[in-house]
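In the numbering used here, the protein residues as written are 5 to 182.
Virtual Cβ for every residue (Gly too), placed ideally from N, Cα, C.
Given the structure is predicted, the values throughout are model-derived calculations rather than measurements.
Data block below; observations after.
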């Protein structure tokens, strides 16, 4: 069962400052989630951490452009919401906060769960006009040309994944049921 609940989504949106369906909003989070779900079986990363990262990593952006502290603020939000909006053991929480805080400038070395989070996000860069490059990805799984092509096509189209929309209670008109 996914740790992403209606309670978590509501808590994130309560403090989210940008348009919910903007460049760093819900459709991006949903594509990062699907990218992560494709990578986890191939990398052995922790699915719960990757799923939470998808929703939290850009949740505290203050603009759609340069916002160097947004990842650290996302990690701080995770700390505030842990225990009330989601549950995660200490080891997983450490990975989640590391992934959120470092996702913009992260290296290509480290824990496979953190690296999988970063790849799930980087595979969605085409939405901002940046094509993912295998040399900038962290895991061997993310470097697969077919996976990069699949993710890039969805990102360029700014696609809202239907399965995730259904899971999150978002209808076809992009209205939030909650």
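- Query: Fully enclosed by the region 44-81, which alpha helix (DSSP H) runs are 4 residues long or longer?
  - Reply: 51-60
### Task
Tell me whether residue 39 is buried or exposed, calling it buried when 16 or more other Cβ atoms sit within 10 Å of its Cβ.
buried
* To do: Counting only runs of 4+ residues fully inside the region 104-155, write out the alpha helix (DSSP H) ranges in chain order.
  => 116-126
Buried/exposed call for residue 166, threshold 16 Cβ in 10 Å: exposed
- Can you tell me whether DSSP reads residue 86 as helix, strand or coil? strand
* Considering only residues of the same chain and omitting the five flanking positions on each side of residue 182, which have a CB-CB separation below 8 Å? -> In this prediction, residue 182 scores a pLDDT of 47, lower than 50, which makes its location untrustworthy; the coordinate-derived value is nonetheless stated afterwards. Taken in chain order, the residues that qualify are 10, 13, 14 and 173.
What's the call for residue 70, buried or exposed, on a 16-neighbour Cβ count within 10 Å? exposed
query: Of the choices 135, 102, 168 and 142, whose alpha-carbon is the least far from that of residue 154?
result: 135
Q. Helix, strand or coil: how does DSSP classify residue 182 here?
A. Only weak support is given to the placement of residue 182: the predicted model assigns it a pLDDT of 47, under 50, and the value that follows is read from those uncertain coordinates. In this structure, residue 182 counts as coil in the three-state DSSP scheme.
Nearest residue (CA-CA) to residue 160, options 31, 22, 23 and 18: 31
Between 156, 110, 113 and 121, which has its C-alpha nearest residue 56's C-alpha? 121
Between 150, 23, 145 and 75, which lies nearest to residue 58 when the distance is taken from Cα to Cα?
75
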